[in-house]
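As given, the protein sequences belong to chains A and B, one line each in that order.
Numbering of the first sequence is given in my numbering, commencing with residue 498 and proceeding in unit increments.
Numbering of the second sequence is given in my numbering, commencing with residue 97 and proceeding in unit increments.
Cβ atoms here follow ideal geometry from the backbone N, Cα and C, with glycine treated the same way.
Remarks on the structure that follows.
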Amino acid sequence: MDVQPPPLDPAATMESQQTLSAEIAAIHQQHRDAVAAGETPETQPRRNFPPYRSSLLRHPTKSLHHADPETIELVSPAFGERDVHPLEADLTIQHDGEPIGERIVVAGRVLDGDGRPVRNQLVEVWQANAAGRYVHKRDQHPAPIDPNFTGVGRVITGDDGEYRFTTIKPAPYPWKNHHNAWRPAHIHFSLFGTEFTQRIVTQMYFPGDPLFDLDPIYQSITDQRARDRLVAVYDHSLTSHEWATGYRWDIVLTGGDRTWTEDDAEAEEH
Amino acid sequence: MSSHHESTRAADDQLVPTPGQTVGPFFGYALPYAQDGELLAPGHPRSIRLYGTVTDGAGQTLPDAMIEIWQPDEHGRVPRETGSLVRDGYTFTGFGRTGVDDAGRYTFTTVDPGATEPGKAPFIAVAVFARGLMNHLHTRVYLPEDAAALAADPLLSSLEPDRRETLIGVREPDGALRFDIRLQGEGETVFLAFPHHHDPDDAASPGQSPHGRAGTGDAGAQ
Ligand SMILES: [Fe+2]
């Protein structure tokens, strides 16, 4: 692309996107080869994913130890109306004025591995504003803070496992993994299931983002079908007349069987 | 539900779980809340302090980790009360969350958990989140006192002695329980996989060596 670099680039010695993309491509090729040879496609990100440089010293090097969950782990903390006010689901009404940006609704269902709705559980979200800036004090991206947008929401799921937020579409933002690194637009999600073992923190993305291929965080999930599970779909039935566009994203938590079986162990070991 | 989950039922007819992603660097204004680490008010006669650090493969303390705990009360009862996010000062909800402080230390005020069943080794369930940690990690902190219960614990007895030690809290003279979490390298904490997690970082997963490569340096702030 024909874009002028900033006049002074302190990051000139950083690694290039090309280097990073080549590393990502090599890992993905390895995964495709393994699947072609009969391995099960991966469904979760790799904690050991060198293109995400911060993971180098922060991933365990020993295999996770298989454990059967005990009593406390088979239950989740209980959340309810004492914890979350219904208005916390609308991120556009937390200040005196209207936030700048594209108003959107993000809605979906939280399900367990058996397809059962996860009811009365906590969903938390946080995100950058329409300029790609977080309110967080460590975010130094020179993009404007919106005084009318904090970017934090909470909701308790309904009887059908449903959740719904009204917010502003976040923008991509730069980060320091490598030179000219940009994150695809995303909303951070934190969820609880019916068991503590089902806890998940993840990120929801928007369809067709041109930054997907370049992003080591998104690409730490080596399988395309698994990556697709983090991308919301545009849903015109969630779009409201002269008000907001709608995106649908369902979340599936782990769970179902509660003990390791021979089959499980085999699936994990090969 | 949308079709992309429907079309990806696994062989055992389970829906395929949504992948996790790192909590990133900017959760600090979103996930913490007032008294998030105070399951009991500090100074309460029943309270103990649970604290420690989280270190990386270079032995450096993480300045941006977040820890969650979930536990029974001192009688081994699993709390079912809501109110973890808006503490009322007397209800024990069993859940706490805290970011590490500027010195890299996390601190909870809580109670020693009781055994959920007679003879069981009491422990606190722990989840670890951080920038650079692509998916959170589960572990446990066991109370050090009941040697017989610890010896009979199915998880602990399946571990080598040096690995086993990483899951047992250290009792300090003032009653505090110290639990340091080492993400990588010497004294690496035992982290847990539960059924159906299908974690690619698990043993010898496709296309990956069972012992990941250790890094040489951190990419710095993101
Ligand atoms: Fe982010």
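Checklist entry - Is it buried or exposed for Ala768 (chain A), if we count other Cβ within 10 angstroms and need 16 for buried? => result The first residue shown for chain A is 498 and the last is 767, placing residue 768 (chain A) beyond what the model contains.
Next on the checklist: Given 6 Å as the limit, tell me if Gly185 (chain B) has its C-beta closer than that to any heavy atom belonging to ligand 1.
Outcome noted: no
Checklist entry - Comparing alpha-carbon positions, which option in B:Phe123, B:Val119, B:Ala245 and B:Leu111 lies nearest Lys634 (chain A)? => result B:Phe123
Checklist entry - Contact check, Val207 (chain B) vs Ile144 (chain B) under 8 Å by CB: the rounded distance? => result 6 Å
Checklist entry - For ligand 1, is there a heavy atom less than 6 Å away from the beta-carbon of Gly120 (chain B)? => result The nearest non-hydrogen atom of ligand 1 is less than 6 Å from the C-beta of Gly120 (chain B).
Checklist entry - At a Cβ threshold of 7 Å, is Asp593 (chain A) touching chain B? => result no
Item to check | Whether Ala628 (chain A) touches Pro641 (chain A) by CB criterion (7 Å) | outcome: Taking 7 Å as the Cβ cut-off, Ala628 (chain A) and Pro641 (chain A) qualify as a contacting pair.
Checklist entry - So, does the CB of Glu134 (chain B) fall closer than 7 Å to a CB anywhere in chain A? => result no
Checklist entry - For Thr558 (chain A), which residues from the same chain have a beta carbon less than 8 Å from its beta carbon, with the 5 sequence-adjacent residues on both sides left out? => result Hits under 8 Å: Asn545.
Checklist entry - Using DSSP with H/G/I as helix, E/B as strand and the rest coil, what is Arg606 (chain A)? => result strand
Checklist entry - Taking the alpha-carbon positions, what's the Arg630 (chain A) to Pro639 (chain A) distance? => result 8 Å
Item to check | 3 or more residues per run - each beta strand (DSSP E) lying fully within the stretch 664–716 of chain A | outcome: 670–672, 678–680, 683–688 and 697–702
Next on the checklist: I want to see whether chain B comes within less than 7 Å of Phe693 (chain A), judged by CB atoms only; does it?
Outcome noted: yes
Checklist entry - Mapping DSSP to helix, strand and coil, what is Ile597 (chain A)? => result coil
Checklist entry - Out of B:Gly153, B:Pro121, B:Gly155 and B:Ala223, which has the shortest C-alpha to C-alpha gap to Lys673 (chain A)? => result B:Pro121
Checklist entry - Given that Tyr660 (chain A) touches chain B, what residues does it touch there, using C-beta distances under 9 Å? => result Result: empty, since nearest Cβ-Cβ is about 13 Å, beyond 9 Å.
Item to check | Beta-carbon gap between Ala161 (chain B) and Val150 (chain B) smaller than 7 Å | outcome: yes
Next on the checklist: Against Trp623 (chain A), what residues of chain B qualify as contacts under a CB-to-CB distance less than 8 Å, listed in chain order?
Outcome noted: Phe122, Phe123, Tyr125, Ala126 and Leu127
Next on the checklist: If I measure Cβ to Cβ from Asp656 (chain A) and keep anything under 6 Å in the same chain, skipping five residues before and after, which residues do I get?
Outcome noted: Around Asp656 (chain A): Arg616.
Checklist entry - For the candidate residues B:Leu233, B:Leu136 and B:Ala130, whose alpha-carbon lies nearest to that of Val119 (chain B)? => result B:Leu233
Checklist entry - How would you call Val603 (chain A), buried or exposed, if buried means at least 16 neighbouring beta carbons within 10 angstroms? => result buried
Checklist entry - Which term fits Gly116 (chain B), buried or exposed, when burial requires 16 or more other beta carbons within 10 angstroms of its beta carbon? => result buried
Next on the checklist: Could you check whether Ala729 (chain A) and Trp740 (chain A) sit closer than 7 Å to each other, using their CB atoms as the reference points?
Outcome noted: Their beta carbons are not under 7 Å apart, which means Trp740 (chain A) does not touch Ala729 (chain A) by this criterion.
Checklist entry - Could one say the Cβ of Asp152 (chain B) lies closer than 7 Å to chain A's Cβ atoms, at least one of them? => result yes
Checklist entry - Taking buried to mean at least 16 other C-beta atoms within 10 Å of its own C-beta, is Glu765 (chain A) buried or exposed? => result Residue placement at Glu765 (chain A) is poorly supported in this model, since its pLDDT is 44, which falls under 50; the coordinates are not used for a value here.
Next on the checklist: On the DSSP bridge list, what partners appear for Thr751 (chain A)?
Outcome noted: Residue pairing for Thr751 (chain A): DSSP places it in no beta bridge.
Checklist entry - Just how far apart, CA to CA, sit Pro583 (chain A) and Pro548 (chain A)? => result Between Pro583 (chain A) and Pro548 (chain A), the C-alpha separation is close to 40 Å.
Checklist entry - Between Lys666 (chain A) and Ile748 (chain A), which are expected to be in contact by the criterion C-beta below 8 Å, what is the C-beta distance as a whole number of angstroms? => result Rounded, the Cβ-Cβ distance is 19 Å, inconsistent with contact.
Item to check | Three-state class that DSSP yields for Arg544 (chain A) in the structure shown | outcome: coil
Next on the checklist: For Met511 (chain A), would you say it is in contact with chain B, using Cβ-to-Cβ distances shorter than 7 Å as the test?
Outcome noted: no
Checklist entry - Can you list, in chain order, the stretches of the alpha helix (DSSP H) that have 4 or more residues and sit fully within the stretch 217–295 of chain B? => result 243–248 and 257–261
Item to check | Local conformation of Thr516 (chain A) per DSSP, three classes | outcome: helix
Checklist entry - Just to confirm, does Thr691 (chain A) get its C-beta within under 6 Å of one of the non-hydrogen atoms of ligand 2? => result The ligand content of the structure shown is limited to ligand 1, which means ligand 2 is not among them.
Next on the checklist: Counting only Cβ pairs nearer than 8 Å, list the residues of chain A close to Leu146 (chain B).
Outcome noted: Listed along chain A is no residue with a C-beta nearer than 8 Å to that of Leu146 (chain B); the closest approach is about 15 Å.
Checklist entry - Going along the chain, which residues of the stretch 543–560 of chain A sit with their C-beta nearer than 9 Å to a C-beta in chain B? => result Close to chain B, meaning a Cβ-Cβ distance shorter than 9 Å, are the following residues of the stretch 543–560 of chain A: Arg543, Arg544, Asn545, Phe546, Pro547, Tyr549, Arg550, Ser551, Ser552, Leu553, Leu554, Arg555, His556, Pro557, Thr558, Lys559 and Ser560.
Item to check | Alpha-carbon to alpha-carbon, Ser734 (chain A) and Leu727 (chain A) | outcome: 20 Å
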